[in-house]
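Asks: Please find one structure pasted underneath; my questions will follow.
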Amino acid sequence: MTRLNSDLTAQISLCVVYVLFFSLIYFLLNTFGKYLIEKQYKTTELFRLESEWQIDETGVNIRYSTSNLNFSWRQIYNLKETKTHLLIFIGSMSTYVVPKSVLKHGDLEKIYAWKNAQAQK
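When you line the sequence shown up against the working numbering, it's residues 16 to 136, in that order.
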(Lines of atoms letter the chains of each structure in order from A; the text may use other names.)
(Lines give C-alpha, C1' and ligand atoms only; values in the text may rest on other atoms or scores of the structure.)
Protein backbone atom coordinates (compact mmCIF):
# COMPACT_ATOMS: atom_id res chain seq x y z
CA MET A 16 0.00 0.00 0.00
CA THR A 17 2.88 2.37 0.74
CA ARG A 18 4.36 1.85 -2.72
CA LEU A 19 0.98 2.60 -4.30
CA ASN A 20 0.69 5.85 -2.33
CA SER A 21 4.24 6.76 -3.30
CA ASP A 22 3.53 6.19 -7.02
CA LEU A 23 0.28 8.15 -6.81
CA THR A 24 2.02 11.03 -5.04
CA ALA A 25 4.75 11.06 -7.69
CA GLN A 26 2.17 11.14 -10.51
CA ILE A 27 0.22 13.95 -8.87
CA SER A 28 3.43 15.91 -8.33
CA LEU A 29 4.37 15.44 -11.97
CA CYS A 30 0.92 16.65 -13.09
CA VAL A 31 1.24 19.74 -10.90
CA VAL A 32 4.67 20.48 -12.39
CA TYR A 33 3.28 20.11 -15.95
CA VAL A 34 0.34 22.41 -15.20
CA LEU A 35 2.59 25.05 -13.67
CA PHE A 36 5.11 24.81 -16.52
CA PHE A 37 2.53 25.12 -19.31
CA SER A 38 0.68 27.88 -17.46
CA LEU A 39 3.93 29.83 -17.27
CA ILE A 40 4.62 29.26 -20.99
CA TYR A 41 1.06 30.39 -21.87
CA PHE A 42 1.39 33.51 -19.72
CA LEU A 43 4.76 34.44 -21.24
CA LEU A 44 3.58 33.91 -24.83
CA ASN A 45 0.39 35.87 -24.22
CA THR A 46 2.29 38.77 -22.63
CA PHE A 47 4.94 38.77 -25.37
CA GLY A 48 2.25 38.68 -28.08
CA LYS A 49 0.49 41.71 -26.62
CA TYR A 50 3.83 43.52 -26.43
CA LEU A 51 4.53 42.78 -30.11
CA ILE A 52 1.08 44.00 -31.18
CA GLU A 53 1.48 47.22 -29.22
CA LYS A 54 4.99 47.75 -30.60
CA GLN A 55 3.80 47.21 -34.18
CA TYR A 56 0.93 49.66 -33.66
CA LYS A 57 3.31 52.34 -32.37
CA THR A 58 5.92 51.85 -35.12
CA THR A 59 3.66 51.35 -38.17
CA GLU A 60 2.70 54.67 -39.73
CA LEU A 61 -0.30 53.22 -41.59
CA PHE A 62 -2.05 52.47 -38.28
CA ARG A 63 -1.84 56.12 -37.31
CA LEU A 64 -3.08 57.58 -40.61
CA GLU A 65 -6.61 58.88 -40.77
CA SER A 66 -8.84 56.70 -42.85
CA GLU A 67 -12.23 57.03 -44.47
CA TRP A 68 -14.36 53.91 -44.74
CA GLN A 69 -17.08 53.49 -47.33
CA ILE A 70 -19.18 50.35 -47.12
CA ASP A 71 -21.88 49.78 -49.72
CA GLU A 72 -23.43 47.09 -51.92
CA THR A 73 -20.25 46.78 -54.01
CA GLY A 74 -17.97 46.09 -51.03
CA VAL A 75 -15.56 47.98 -48.79
CA ASN A 76 -13.44 50.98 -49.80
CA ILE A 77 -10.81 52.28 -47.37
CA ARG A 78 -9.17 55.59 -48.23
CA TYR A 79 -5.92 56.69 -46.61
CA SER A 80 -3.98 59.82 -47.50
CA THR A 81 -1.43 57.57 -49.22
CA SER A 82 -3.57 54.87 -50.84
CA ASN A 83 -6.97 53.30 -51.43
CA LEU A 84 -8.02 49.73 -50.70
CA ASN A 85 -11.07 48.19 -52.35
CA PHE A 86 -12.63 44.80 -51.58
CA SER A 87 -15.73 43.40 -53.21
CA TRP A 88 -18.05 41.24 -51.13
CA ARG A 89 -16.85 38.27 -53.16
CA GLN A 90 -13.29 38.80 -51.82
CA ILE A 91 -14.43 39.00 -48.21
CA TYR A 92 -13.91 35.61 -46.60
CA ASN A 93 -15.68 36.18 -43.28
CA LEU A 94 -17.13 38.78 -40.93
CA LYS A 95 -16.84 38.74 -37.13
CA GLU A 96 -18.21 41.21 -34.67
CA THR A 97 -17.04 42.32 -31.22
CA LYS A 98 -18.66 44.87 -28.93
CA THR A 99 -16.67 47.73 -30.46
CA HIS A 100 -15.33 46.49 -33.83
CA LEU A 101 -16.22 44.68 -37.02
CA LEU A 102 -13.53 42.31 -38.29
CA ILE A 103 -13.42 41.88 -42.07
CA PHE A 104 -11.40 38.85 -43.17
CA ILE A 105 -9.90 39.07 -46.66
CA GLY A 106 -8.86 35.49 -47.28
CA SER A 107 -7.41 33.58 -44.35
CA MET A 108 -4.36 35.83 -43.79
CA SER A 109 -5.63 39.46 -43.79
CA THR A 110 -8.06 41.11 -41.42
CA TYR A 111 -9.27 44.69 -41.38
CA VAL A 112 -10.62 46.05 -38.13
CA VAL A 113 -13.43 48.56 -38.52
CA PRO A 114 -14.35 50.57 -35.42
CA LYS A 115 -18.12 50.47 -35.08
CA SER A 116 -17.97 54.18 -34.35
CA VAL A 117 -17.30 54.87 -38.07
CA LEU A 118 -20.41 52.94 -39.12
CA LYS A 119 -23.68 54.77 -39.61
CA HIS A 120 -26.96 53.63 -38.09
CA GLY A 121 -28.16 50.52 -39.91
CA ASP A 122 -24.83 49.89 -41.70
CA LEU A 123 -24.12 46.69 -39.78
CA GLU A 124 -27.41 45.10 -40.86
CA LYS A 125 -26.76 46.14 -44.48
CA ILE A 126 -23.25 44.67 -44.34
CA TYR A 127 -24.55 41.28 -43.24
CA ALA A 128 -27.33 41.42 -45.84
CA TRP A 129 -24.87 42.22 -48.67
CA LYS A 130 -22.47 39.51 -47.53
CA ASN A 131 -25.26 36.93 -47.24
CA ALA A 132 -26.61 37.89 -50.67
CA GLN A 133 -23.12 37.43 -52.15
CA ALA A 134 -22.75 34.04 -50.45
CA GLN A 135 -25.98 32.81 -52.06
CA LYS A 136 -24.81 33.67 -55.59
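For every residue, glycine included, the Cβ atom is placed at its ideal position computed from N, Cα and C.
Can you give me the Cβ contacts of Y79 inside the same chain, cut-off strictly under 6 Å, excluding the 5 residues immediately before and after it?
Replies: Correct list, in chain order: L64, S66.
Asks: Start and end of the beta strand (DSSP E) containing L94?
Replies: Run containing L94: 91-96, per the beta strand (DSSP E) assignment.
Asks: Looking at L101: is its Cβ nearer than 8 Å to the Cβ of K130?
Replies: No. Outside cutoff.
Asks: According to DSSP, is G48 part of a helix, a strand, or is it coil?
Replies: Note: G48 maps to helix in three-state DSSP.
Asks: Please work out which residues of its chain come closer than 6 Å, Cβ to Cβ, to G74, disregarding the five sequence neighbours upstream and downstream, and give them in chain order.
Replies: If we look at G74 and ignore the five residues flanking it on each side, its Cβ neighbours are F86, S87, W88.
Asks: Does DSSP classify E124 as helix, strand or coil?
Replies: Helix, per DSSP.
Asks: Report yes if the CB atom of T99 is closer than 8 Å to the CB atom of P114, and no otherwise.
Replies: Yes; because the gap between Cβ atoms is below 8 Å, this pair is in contact.
Asks: Taking buried to mean at least 16 other C-beta atoms within 10 Å of its own C-beta, is I70 buried or exposed?
Replies: The residue is buried, with at least 16 neighbouring Cβ atoms inside 10 Å.
Asks: Could you spell out the range, first to last residue, of the beta strand (DSSP E) harbouring T110?
Replies: Looking at the DSSP string, the run of the beta strand (DSSP E) that includes T110 is 109-114.
Asks: Quick check: what's the CA-CA separation for K57 versus G48?
Replies: Approximately 14 Å, taken between the alpha carbons.
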